[in-house]
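Some notes on the structure that comes next.
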Amino acid sequence: MGRFSFFCMSMLFVIMSFFSCKEDHAIAYDVILKNGNVIDLETGIVSVKDIFIKDGIIEKLVIPNDAEHIAATKVIDVTDQYILPGFWDNHVHFRGGDSLLKANRDFLKLYITNGITTVRDAGGDLTAAVMAWRDSIASGDLIGPTIFTSGPKIDGPNGTWAGSLEVTNKSDIAIALDSLQSLQVDFVKLYDSRITGENYLNTIKAAEERGLITSGHMPFTVTLDATISAGVDAVEHLYYIMKGCAANEAAITSQLVRKEIGFWDAMPLLMAGYTDSVAQKTFANLKNHDVYVVPTLHIGETLSYLDETNHQNDAYLKYMDTDIVKTYAGRIQRALNASEEQTRDRKALQQFFGVLTKSLHDSGVGLLAGSDSGAFNSYTYPGISLHKELEQLVKTGISPLEALKTSAYNGARFLKKDTDYGQLKANNIADIVILNGNPLDDISQTQNIRMVIKEGAVWEINNLNKQLESLANDNN
Ligand SMILES: [Zn+2]
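Below, the structure is given as structure tokens:
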């Protein structure tokens, strides 16, 4: 071998090792979002970044650098658009029996088209189907949000909701929790229609001893302090918080225990009993025990005004299966049957809940945005209702940033999923929503969606609209 050919061979070797070396280190990304305004939900800081996504995970966020050549399957220019974690609806229901299975499954599309990449299912009677959907969504066979579920609710005998687990003593409680644990539910949901105060508190204590996350309504026959002491992790709806803020809570509770008054009779009495010093103690107690509160203001507003709002032209009605719309009749009839006084009380209560929400927030109590959408909850449509809830939160005086935090950020923290979800940062799951406008200036911009990314899968707005159209056509 002459010197020249030896030189050539060496050069070739150097060049080859250079390329193979480069190949080793070059990562081909699935998606790069270029030049977007990334909203940091923790600080409220908006900064222009490129987001790199691979295998459904956010690999990194970096300051844009055009000189750097990067290989990616899809590079998407999102200049002047606003990027935040996919929304979480922290209170939804899948329910209504097997005849509504398809109708409930259709809700999954409504969540994704509204940028909701995770829902917290607060209990129903379709657990087996919900678990199957959850798995199909995870494997990419079904379009939908990540589902965290309580499975069936826990209540007393003959409770309001079909499929609930009935407890009447400590051994029932153990059996119910065993079954929920074998279902591998994400939290335990308690309901208050028939469960006794004692069994309610014992269920929370037993669940906490097993390390489970609990959330619930609260029977009016127990006090909020007792529920917090038992270890509840979240309180759904504000009735129970209001009860804990009333100076007359003990007296009203005794009346309820003696069955002299009922749940709705107690409401105006407790509202009148609201006392700031008691409320401040209650807020501090909630905060010190890390108890989250789910205000569900939008559904409260919707149900409080059923007597005067005409919903027949609601844009979302066309996406609802007619059998879902039939389930709306019960609450509508109850609203129409209510006395003038009851109707007035309900509206006053709704006003009061707005003020209460702001006070809770100001006291540092963690809030969760939840719509309570699902069958039977009249005109509280899956998807859009979460955005309406965010608007309601801002209407109370909470800042748009703080309202946004109550969705994905707090939702992930509450369910202890915040190592994977809730913020746009490296190693988190790539659940992302891209908006055309800045939601920090105007919360209604959360509805101005350009694109949704679910575990790295990109849904452009025209694809999302096609999904909506197909639902509308299905229901015609
Ligand atoms: Zn609910």
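Letter by letter, the sequence shown follows residues 3 to 478 of our numbering.
The beta carbon of each residue, even a glycine, is placed where N, CA and C say it ideally should be.
Predicted model only: the values in this text are computed from it and were never measured.
query, result
"Identity of the residues DSSP links to Arg-122 by a beta bridge", "Phe-150"
"Residues near Ser-306 in its chain [Cβ-Cβ closer than 7 Å; skip 5 each side]", "Arg-348, Lys-349, Gln-352"
"Burial state of His-71 (16 or more Cβ within 10 Å)", "exposed"
"Cutoff 6 Å; reference Asp-157; Cβ partners in own chain excluding five residues on either side", "Ser-166, Tyr-193, Ser-195, Arg-196, Ile-197"
"Inter-stretch contact (C-beta, 8 Å, three-pair minimum) for the region 268 to 282 and the region 238 to 248", "yes"
"Contact under 8 Å by Cβ, Leu-43 with Ile-53", "no"
"Ala-377 CB to nearest heavy atom of ligand 1 below 7 Å", "no"
"DSSP three-state assignment for Met-269, whether helix, strand or coil", "helix"
"For Thr-119 and Asp-433, believed in contact at Cβ under 8 Å, the rounded distance", "4 Å"
"Coarse secondary structure for Pro-402, derived from DSSP in three states", "helix"
"Per DSSP, the bridge partner or partners of Pro-87", "Ile-434"
"DSSP three-state assignment for His-95, whether helix, strand or coil", "coil"
"Run of the beta strand (DSSP E) containing Tyr-501, from where it starts to where it stops", "The chain is shown from 3 up to 478; residue 501 falls before or after that span and cannot be answered."
"For Lys-419 and Gly-98, the rounded distance between their alpha carbons", "29 Å"
"DSSP bridge partner residues for Trp-135 (one or two, in chain order)", "Bridge partners of Trp-135: none, in fact."
"Neighbourhood of Glu-25 by C-beta, 8 Å cutoff - its chain only, sequence neighbours within 5 removed", "Unreliable placement is indicated for Glu-25, whose pLDDT of 44 sits below 50; the coordinate value is still reported in the next sentence. Hits under 8 Å: none found."
"Gly-332 - DSSP class collapsed to helix/strand/coil", "helix"
"Inter-residue Cα distance where the pair is Leu-417 and Ala-236", "10 Å"
"Reduced DSSP secondary structure (H/G/I, E/B, other) of Arg-415", "helix"
"Check whether Ile-431 and Met-453 have beta carbons under 8 Å apart", "no"
"Heavy atom of ligand 3 within 7 Å of His-291 beta-carbon", "Although ligand 3 was asked about, the structure shown includes only ligand 1 as ligands."
"Where the beta strand (DSSP E) containing Ala-178 begins and where it ends", "Per DSSP, Ala-178 belongs to no beta strand (DSSP E); it is in the alpha helix (DSSP H), 172 to 185."
"Neighbourhood of Leu-128 by C-beta distance below 7 Å, restricted to the same chain and skipping five residues each side", "Phe-96, Arg-97, Leu-103, Asn-106"
"Per DSSP, cross-strand counterpart(s) of Glu-238", "Val-296"
"heavy atom of ligand 1 below 7 Å from Ala-236 C-beta", "no"
"Which listed residue (Ile-451, Glu-471, Val-132, Asn-464) has its alpha carbon closest to that of Gln-83", "Ile-451"
"Cross-strand partners of Ala-105 (DSSP beta bridge)", "Partner(s): none; Ala-105 has no beta bridge."
"Cβ separation of Ala-208 and Ala-228, assumed to be a contact under 8 Å, to the nearest whole Å", "About 15 Å separates the two Cβ atoms, so there is no contact after all."
"Near ligand 1: Asp-433 beta-carbon under 7 Å from a heavy atom", "no"
"C-alpha distance - Ile-334 paired with Ala-248, whole-angstrom precision", "30 Å"
"Pair within 8 Å by beta-carbon distance, Thr-1 and Leu-466", "It is not possible to answer for residue 1, since the shown part of the chain is limited to 3 through 478."
"Straight-line Cα distance separating Glu-262 from Ile-301", "29 Å"
"Leu-63 - containing alpha helix (DSSP H), residue span", "It is not in any alpha helix (DSSP H) - Leu-63 instead sits in the beta strand (DSSP E) that spans 59 to 64."
"Member of Ile-78, Ala-124, Ser-49 whose CA lies at the smallest distance from the CA of Asp-32", "Ile-78"
"Check whether Ala-410 and Phe-89 have beta carbons under 8 Å apart", "yes"
"Per-residue DSSP class, three states only, for Asn-467", "helix"
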